[in-house]
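Participant: Got a structure for you, questions after.
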Amino acid sequence: MYVPCVAPLLWKQGKALLWKRSIILRRNLIPYLVAVSIPIIAAGCSTLFLRNSVVTSCDPNLETLASASGSSSTSPTDFRLIAGPQSQLSAAAIERISQAPSGAVTYVESLAEFNDRVTKQFQNLTPGGFFLGEEPTFAWRADGALTFGTLVQSIVDSMLLNVTIATDYQPLDIPFAADIGNLLIFAAYFGLSMAVYPAFFGLYPTIERLRGVRSIHHSNGVRALPLWSTYLVFDFSMVFTISVVVATIFGATTDAWYYLEYMFLLFLLYGIASTLISYIVSLFAKSQLAAFAIIAGIQSGMYVVFFVAFIVIVTYVDASSQSSALLTAYLALGIFSPVCNLSRAVYLTLNIFGVTCRGRNIASYPGAIDIYGAPILYLCLQSLLFFAILLWKDSGIPFLAYFRKQGADIKGGDTFELGAVTEFACGPGSRSDGLQIHRLRKRFRKRLAVDDVTFRVPRGECFALLGPNGDVAPSGRHSDIFVDGVSAIKHRAQARSKIGVCPQTEPLENMTVTEHLQFYALVRDISDPRHNVNAIIKAVGLEQYSDRQATKLSGGNKRKLSLGIALMGNPSVLLLDEPSSGMDVVSKRIMRRTLAAVTPGRSVVLTTHSMEEADVLATRAGILSGRMLALGSTEELKRTFGNVYVLQLVHPRVHDSSTEDFQRIGTWIQQYFPGARSEKGIYHGQAWFVIPGPKNGTEMSLAQMFEKMEMVKAHMGVQHYTVSRATLDQVFLAVLRRHNLEKEGD
């Protein structure tokens with residue numbers, strides 16, 4: 001059983017990833033500066049609405065609530081009243097008014113004068129004023145106690161009816177904040193800024209995935225646990241900075257907060273949970289802009305839903321049931337989004353809608369489940385769930401493979417291949433095999449792209465895989481991939497650590513050539529990183545570009561760097577996808593020499609469209625088109641599917657040769673080389689013929705062919721000729737041609 005000791009490796013990979021992120025941060029600061037600035041600026045600006053706020057009382061007696069202007073007195077000695085006209089007032093009323101302190105009552109004789117006085121003196125009027133003329137009118141101070149309006153209206157009614165009216169007032173048994181409007185404005189601005197800023201943390205993981213960087217990380221041994229843990233730690237430093245500054249601003253602005261230290265804790269937990277959501281979105285977003293829009297949109301949308309839900313409950317639910325309805329609404333919404341838990345905490349710390357009240361008193365224990373306890377619990381559970389999703393996405397669940405549909409029996413391959421497959425399926429794998437593929441299946445949507453592919457790559461062999469290539473993974477109850485004896489299904493991370501991958505694209509980041517290689521040397525836990533980096537740079541021919549930004553290299557040099565990354569750490573299996581793409585002739589020769597030097601002792605799988613490259617580098621090849629059509633050594637494939645000679649003839653009159661000339665040449669060829677056939681037609685005085693090679697001693701050998709051509713070339717009118725054996729290109733076409741014919745016959 002494979003039981004590796006991975007704890008030290010995970011720690012070292014975490015440090016390497018943190019080092020990489022710090023390098024990239026230094027070269028691209030703007031997204032993080034914006035992410036930190038938005039909530040801090042919003043906190044500073046939105047607290048302007050809390051300048052005169054005091055702790056909201058849970059006592060429903062509204063007479064004890066302070067007005068927004070700071071005047072809370074309802075004593076008659078502090079009244080400032082406008083009244084008139086005097087002709088409409090009774091003698092008893094005038095006598096009572098005259099008992100007021102000097103200057104407390106201002107008389108007016110017209111409605112226009114009344115309106116003018118109210119407009120000019122509204123800041124000092126308490127409780128208001130009245131006019132009993134042709135249009136009885138009264139005004140009251142709206143930013144004070146609500147009893148001011150009731151008091152002035154009672155006075156007007158008493159004057160008009162000339163009767164004594166006794167007025168009584170009892171408040172509803174719910175708390176009420178006189179400055180609720182300012183509190184809601186603060187909550188809206190601050191809450192939306194907090195909903196948006198975590199979206200910036202999803203930008204880098206998104207572009208990392210889209211460029212293929214994360215895939216190459218995993219393919220070169222980076223584990224999912226240290227990767228996401230390190231990214232979370234890195235972004236948490238920004239969350240911590242934001243939380244400290246915002247909490248400091250709040251504490252310096254007002255004392256109206258209910259246990260601000262709990263808010264600080266919730267800021268941290270909210271930042272962690274929301275950052276993990278941004279990572280999850282980065283797994284499927286099609287662009288950085290899309291990732292930002294999805295994260296910010298979901299968070300802001302959930303905040304608005306939470307806000308509207310509370311407003312609706314306060315407006316339409318009976319006062320006696322509001323407290324329980326608000327708690328139920330939060331518990332339902334808080335499950336789905338971290339921002340709802342943050343919103344709940346903001347409402348609690350300012351006692352908006354009386355959510356902090358328990359009876360007529362503020363809740364004594366802030367950690368209770370119906371106070372800060374529920375948001376803390378929800379955010380902790382959400383963080384664990386989101387992190388588990390990230391690990392599952394990158395590491396997979398091995399036991400699910402046992403519930404997948406078993407692949408069909410192997411059929412339809414060429415005869416000599418079926419023997420190898422059956423031997424593999426029935427017998428144990430050889431210890432010399434660095435890579436073993438067993439009954440590999442892959443579906444792309446509804447199309448079965450790879451069906452029961454089985455082959456081995458022993459150590460010290462370069463195996464060329466020719467045909468449609470793509471990203472395949474084991475699927476099926478009996479499918480598996482063994483890398484140096486480690487199952488990729490049961491131990492995906494360990495299997496990845498033994499593989500070096502050179503993809504077709506260049507998954508490079510904003511780092512230098514040396515920094516790239518240093519990073520992969522660190523994640524593979526190489527004992528002497530500097531020596532290995534220098535050796536790789538020299539081996540792939542990048543000495544003069546070692547300090548250049550990798551993204552600014554030419555296409556060929558990027559391929560060299562990708563090859564160097566794949567070679568880092570001496571992997572047991574090397575997977576190369578178009579390794580010489582974009583290289584010039586000299587660079588291709590260097591690359592081929594490098595691969596020839598590193599092949600001994602490891603298994604190399606080469607996928608390429610260059611049959612010449614496969615012919616030079618590979619000792620065995622497999623031709624794949626949905627299923628394995630042919631498999632064997634390159635020489636065996638040539639003998640089986642390309643046992644022919646290609647004869648190229650050049651006429652002496654290249655530019656004015658006629659069709660009749662080549663028809664006569666074709667007749668001679670058919671006469672001297674039975675079974676020969678014309679191929680490619682006639683172009684600029686040249687013609688090609690395919691001649692069967694030696695088989696069972698019946699056809700002529702290459703020496704006999706040259707002998708006959710020398711005898712008849714002058715008689716046929718041929719100036720030059722060349723004879724060559726079949727290439728892998730021709731073998732590939734021959735196998736596909738045979739496969740298509742078989743399908744037509746079926």
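Here UniProt numbering is used: the first residue of the sequence shown is 1, the next is one more, and so on. By construction, the Cβ of each residue, glycine as well, lies at the ideal position given by its N, Cα and C atoms.
(1) Count the other CB atoms within 10 Å of the CB of residue 777; is the residue buried (16 or more) or exposed (fewer)?
(2) Sorted by chain position, which residues of the same chain lie with C-beta nearer than 8 Å to R524's C-beta, five sequence neighbours on each side aside?
(3) DSSP on K442, reduced to helix/strand/coil?
(4) Near G271, what residues of its chain come up, given a Cβ to Cβ distance below 6 Å and the 5 sequence neighbours on each side ignored?
(5) Does the stretch 514-528 come close enough to the stretch 237-255 that 3 or more CB-CB pairs lie under 8 Å?
(6) Which of helix, strand or coil does DSSP assign to H531?
(7) Verify whether the separation of the beta carbon atoms of P558 and G582 is less than 9 Å.
(8) Should E461 be labelled buried (16 or more other beta-carbon atoms within 10 Å of its own) or exposed?
(9) Just to confirm the assignment: which complete beta strand (DSSP E) runs, minimum length 3, are found wholly within the stretch 598-631?
(10) Only counting the same chain, and skipping five residues up and downstream in sequence, which positions put a Cβ closer than 6 Å to that of P366?
(11) Please classify V472: does DSSP put it in a helix, a strand, or coil?
(12) Taking a contact to mean a Cβ-Cβ separation below 9 Å, would you say Q730 touches V616 in this structure?
(13) I need the straight-line Cα distance from I97 to I185, nearest angstrom please.
(14) Which runs of the alpha helix (DSSP H) at least 4 residues long sit entirely within the stretch 526-577? Give them in chain order.
(15) Go ahead and pull the three-state DSSP assignment for F284.
(16) Alpha carbon to alpha carbon, how far is L151 from A112? Give it in angstroms, no decimals.
(17) Taking 8 Å as the threshold, find out whether the stretch 199-215 comes into contact with the stretch 480-500 through three or more Cβ pairs.
(18) Enumerate in chain order the residues of its own chain whose CB-to-CB distance from D409 is below 7 Å, with the five nearest sequence positions on each side excluded.
(19) Could you give the DSSP three-state label for Q686: helix, strand or coil?
(20) Could you confirm whether any beta carbon from chain D is found closer than 9 Å to the beta carbon of S633?
(21) Below 8 Å CB to CB, which residues in the same chain sit around S53 once its five sequence neighbours on both sides are set aside?
(22) Leaving out five residues on either side along the sequence, give the residues of the same chain with a beta carbon under 7 Å from the beta carbon of I294.
(23) Check S337 in the structure and name its three-state DSSP category.
(24) The beta strand (DSSP E) spanning residue 747 covers which residue range?
(25) Quick check on G434: does DSSP put it in helix, strand or coil?
(26) Go ahead and pull the three-state DSSP assignment for W140.
(27) On the three-state DSSP scale, how would you describe R96?
(28) Can you look up F673 in the DSSP assignment and give me helix, strand or coil?
(29) According to DSSP, is V457 part of a helix, a strand, or is it coil?
(30) With H, G and I counted as helix, E and B as strand and the rest as coil, what does DSSP make of I369?
(31) Can V690 and A676 be called in contact, C-beta distance under 9 Å?
(32) Take R117 and list the residues in its own chain whose beta-carbon comes closer than 8 Å to its own, dropping the five residues that flank it on each side.
(33) With R80 and L125 assumed to form a contact (beta carbons below 8 Å), what rounded beta-carbon distance in angstroms separates them?
(34) For A93 and Q123, what's the separation of their Cα atoms in angstroms?
(35) Starting from H720 and walking both ways along the beta strand (DSSP E), at which residues does that stretch end?
(36) Determine the closest residue to R21 out of P338, W228 and T119, with distance taken between C-alpha atoms.
Facilitator: Let me lay it out:
(1) Since the displayed the chain opens at 1 and closes at 746, residue 777 lies outside it and no answer follows.
(2) Close CB contacts of R524 within its chain, under the 8 Å cut and outside five residues either way in sequence, are with N220, G221, S497, M568 and G569 (chain order).
(3) Three-state DSSP puts K442 in a strand.
(4) Cβ neighbours of G271 beyond the five flanking positions: V239.
(5) Too few Cβ pairs lie closer than 8 Å, so no.
(6) The answer is helix: DSSP assigns H531 an H, G or I state.
(7) According to the sequence as given, residue 558 is Lys; it is not Pro. It is a contact, given that the beta carbons lie within the stated cut-off.
(8) It counts as buried.
(9) Considered as a whole, the stretch 598-631 harbours 603-607 and 620-625 as its complete beta strand (DSSP E) runs of no fewer than 3 residues, in chain order.
(10) If the five residues before and after P366 are omitted, its C-beta is found closer than 6 Å to the C-beta atoms of Y259, Y262 and Y372, all from its own chain and listed in chain order.
(11) For V472, the predicted model reports a pLDDT of 42, less than 50, meaning its position is unreliable and no value from the coordinates is stated.
(12) The beta carbons of Q730 and V616 sit no closer together than 9 Å.
(13) One C-alpha to the other measures close to 41 Å.
(14) You should have 529-540 and 555-567.
(15) In this structure, F284 counts as coil in the three-state DSSP scheme.
(16) Going from the Cα of A112 to the Cα of L151 covers about 23 Å.
(17) Result no; under three Cβ-Cβ pairs closer than 8 Å.
(18) Summary for D409: the model assigns pLDDT 42, below 50, so the residue's position carries little reliability; its value from the coordinates is reported in the next sentence. None.
(19) Three-state DSSP puts Q686 in a strand.
(20) The structure shown contains no chain D; it is built from a single protein chain.
(21) Short of 8 Å from the beta carbon of S53, and not among the five residues preceding or following it, lie these beta carbons of its own chain, in chain order: D179, N182, L183, T254, A256 and L350.
(22) Hits under 7 Å: V281 and A285.
(23) Coil at S337, not helix or strand.
(24) Since the first residue of the chain shown is 1 and the last is 746, residue 747 is not available in this structure.
(25) Note: G434 maps to strand in three-state DSSP.
(26) Annotated three-state conformation of W140 is strand, per DSSP.
(27) In the structure shown, R96 falls within a helical segment according to DSSP collapsed to helix, strand and coil.
(28) Taken through DSSP and simplified to helix, strand or coil, F673 comes out as coil.
(29) Reduced to three states, the DSSP call for V457 is strand.
(30) In the three-state DSSP reduction, I369 falls in the helix class (H, G or I).
(31) Yes, they are a contact pair.
(32) Beyond the five residues adjoining it in sequence on each side, R117 comes within less than 8 Å, by CB distance, of I82, T106, V108 and G129 in the same chain, given in chain order.
(33) In this structure R80 is in contact with L125, their Cβ atoms being roughly 5 Å apart against a cut-off of 8 Å.
(34) Rounded to whole angstroms, the gap between the alpha carbons of A93 and Q123 is 25 Å.
(35) That run of the beta strand (DSSP E) goes H720 to R725.
(36) Closest option to R21, Cα to Cα, is W228.
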